[in-house]
Amino acid sequence: MHQLKYLTGYSEQILHQVGRLIAEDRLGAFIKHRYPTAHAITTDRALYDFTMEIKNEFLRTAQPLSRVEYDGRIHVIQHALGSHTFVSRVQGGKLKAKHEIRVASVFRQAPAEFLRMIVVHELAHLKEKDHNKAFYKLCEHMEPAYHQLEFDTRLYLTQMDREKIVRTCD
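Counting from 1 along the sequence shown, just add 64 to a position and that's the residue number in the working numbering.
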């Protein structure tokens, strides 16, 4: 079976189903059928506005965001789809805090649902630092289909890897 590095931790039954889609060369069509179009949020400014819209709807009282941007240095191979950083600096007698969200550049051309799932995940870190029950409950509050979208994003990344391998071999 094809290496399913983005799906580690899932049940053997799920892995078998995904393996069958890959063996029958149907994974790409499956994803394209469920998520036919890419989003139009291609600039850092548009990503910031998109993120702030979600934040203002669900997390009005959370700390403000200093920066939201696509980052080509985030490698999904290391299981990072985005990152949330919190930096505290002392300026004079005051403590200044900055929150930044960075999204892997690979999602610049992904379906809107996947980008939303990643932004929701990173925004949830404003309230919950750890990946615990409260964290995932907050993610589901902001995006009810969060867990399905996370799984489908992993399928999408698996297919992207497969396509990259095929292009390399051609």
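C-beta: ideal position from N, C-alpha, C; glycine also. Source: prediction; values computed, not measured.
Item to check | Environment of I78 [buried if 16+ CB atoms lie within 10 Å] | outcome: Against the sequence shown, residue 78 aligns to sequence position 14. Exposed is the call here.
Next on the checklist: My assumption, with CB atoms under 8 Å, is that T217 sits in contact with M181. Please give the rounded CB distance.
Outcome noted: Position 153 of the sequence shown, counting from 1, holds the residue named residue 217. Position 117 of the sequence shown, counting from 1, holds the residue named residue 181. Right, their Cβ atoms sit about 6 Å apart.
Item to check | Paired residues, beta bridge with A104 - DSSP | outcome: Numbered from 1 along the sequence shown, position 40 holds the residue referred to as residue 104. In DSSP, A104 forms no bridge with anything.
Checklist entry - For K228, which option in V170, R109, F215, V132 has the closest C-alpha, if you only look at C-alpha atoms? => result What you label residue 228 is simply residue 164 of the sequence shown in a count that begins at 1. Checking every option, the nearest Cα to that of K228 belongs to V170.
Item to check | Local conformation of I141 per DSSP, three classes | outcome: As a working mapping, residue 141 is identified with position 77 in the sequence shown. Since pLDDT at I141 reaches only 48, below the 50 mark, its modelled position is unreliable, and no value is offered.
Item to check | Host beta strand (DSSP E) of R131 (start-end) | outcome: As a working mapping, residue 131 is identified with position 67 in the sequence shown. Element bounds for R131: 131–135.
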